[in-house]
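Just below is one structure, and these are the notes that go with it.
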Amino acid sequence: MENSPLERLPQEIRDEIWEYALTQSKPIIITANTSTKALKKDWRSHAPKPVSLLHTCKKINNETRLLFYRLNVFTIQLDGTHSKNSSHRINEANITQLFFDAIGPQKTAAIGGFGVLVKHFHPIGAPRRRDTEIYEHVSGIVFPLRRLVRRLGSHCVVMCHFRWVAYARGGPREFEESGADWYVNLRDLYQTLDFPVEFGPYWKKFLRALKIGLVQEEMREVTDMVSGFRAD
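Residues 1 to 232 in full-length UniProt numbering are what the sequence shown lists, from first letter to last.
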């Protein structure tokens, strides 16, 4: 970038250019292949990442290598099939650790927003909120996740979305329907069981709250603010 018009721009203008180029409009999904029972040690994202900018030259890399993580929201999502069969060893906490290990501690600490989508499958007609398996699943995921999110910076908004999915086996195909949703601040484990919350299109509201800096640590405050937003 030496002797280029870009280098002659003030740093604050360059920062605005980098922000425009690197910010994604939707969360970047980190997932893994759950088609086999073996724990997959590869993770991949289905969202386009403009990271080639970071490799243009050494100076640009130094200015932007943490911006991509600071400006975007990353979410862990699996397809949910592992929760129907306890012999599958892969879970959202495994993928979170693999993702953090892959990008390293400095980039992990720079992440601006982090979320986890956890699906729990239950037979159609079974009580959702009184099913002890649900609470075992919740605690089994949240305990290791709480340890992992300590790697994130104190500025990072950390949320977990638990979704109950009803299913019925048999016939020509398997039937599924969405159940209740809980949105949990991962920095406070006990609010997982104390504050069940259901509200509209989550990620759009999450991103809007993140952008204007309103999301707070307390789940009740998050609920009040986010539920008050109107969907576009």
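Think of the CB as a built atom: it goes at the ideal place given N, C-alpha and C, for glycine as much as any other residue.
Of the listed residues the options, nearest to residue i (C-alpha basis)
{"i": "Leu148", "options": "Val118, Phe99, Ser4 and Ile29", "result": "Phe99"}
{"i": "Ala32", "options": "Lys119, Gly115, Ala110 and Glu92", "result": "Glu92"}
{"i": "Lys107", "options": "Ile90, Tyr69 and Leu117", "result": "Tyr69"}
{"i": "Thr23", "options": "Gln11, Leu71, Ile30 and Ile141", "result": "Leu71"}
{"i": "Gln77", "options": "Asn3, Ile141 and Arg150", "result": "Ile141"}
{"i": "Ala109", "options": "Thr64, Gly153 and Pro5", "result": "Gly153"}
{"i": "Glu7", "options": "Ala21, Lys26 and Ile60", "result": "Ile60"}
{"i": "Glu19", "options": "Thr64, Arg163 and Asn94", "result": "Thr64"}
{"i": "Ala21", "options": "Leu67, Asp101 and Asn94", "result": "Leu67"}
DSSP state of residue i mapped onto helix, strand, coil
{"i": "Asp107", "result": "What sits at residue 107 in the sequence shown is Lys, not Asp. Looking at Lys107 - three-state DSSP - the assignment turns out to be helix."}
{"i": "Glu155", "result": "The residue you asked about is not Glu; residue 155 is His in the sequence shown. Coil, per DSSP."}
{"i": "Ile29", "result": "strand"}
{"i": "Thr23", "result": "coil"}
{"i": "Ile90", "result": "coil"}
{"i": "Arg65", "result": "coil"}
{"i": "Gly140", "result": "helix"}
{"i": "Leu117", "result": "strand"}
{"i": "Thr96", "result": "helix"}
Buried/exposed call for residue i, threshold 16 Cβ in 10 Å
{"i": "Phe74", "result": "buried"}
{"i": "Tyr114", "result": "According to the sequence shown, residue 114 is Phe rather than Tyr. With 16 or more other Cβ atoms within 10 Å, it is buried."}
{"i": "Glu12", "result": "exposed"}
Straight-line Cα distance separating residue j from residue i
{"i": "residue 236", "j": "Ile90", "result": "For the chain, the structure presents residues 1 to 232; residue 236 sits outside this window and is missing."}
{"i": "Ile17", "j": "His55", "result": "16 Å"}
{"i": "Arg151", "j": "Pro105", "result": "7 Å"}
{"i": "Arg14", "j": "Ile28", "result": "24 Å"}
{"i": "Gly62", "j": "Ile103", "result": "The question names Gly, but residue 62 in the sequence shown is Asn. Those two C-alpha atoms are separated by around 16 Å."}
{"i": "Lys119", "j": "Arg163", "result": "5 Å"}
{"i": "Ser25", "j": "Ile95", "result": "23 Å"}
{"i": "Gly112", "j": "Cys57", "result": "24 Å"}
{"i": "Val116", "j": "Asp101", "result": "17 Å"}
{"i": "Gln97", "j": "Ile30", "result": "11 Å"}
{"i": "Pro10", "j": "Ser4", "result": "13 Å"}
{"i": "Gln191", "j": "Phe143", "result": "Here the model assigns Gln191 a pLDDT of 39, short of 50, so the residue's position is not dependable and the matter cannot be decided."}
For residue j and residue i, believed in contact at Cβ under 8 Å, the rounded distance
{"i": "Leu145", "j": "Cys160", "result": "7 Å"}
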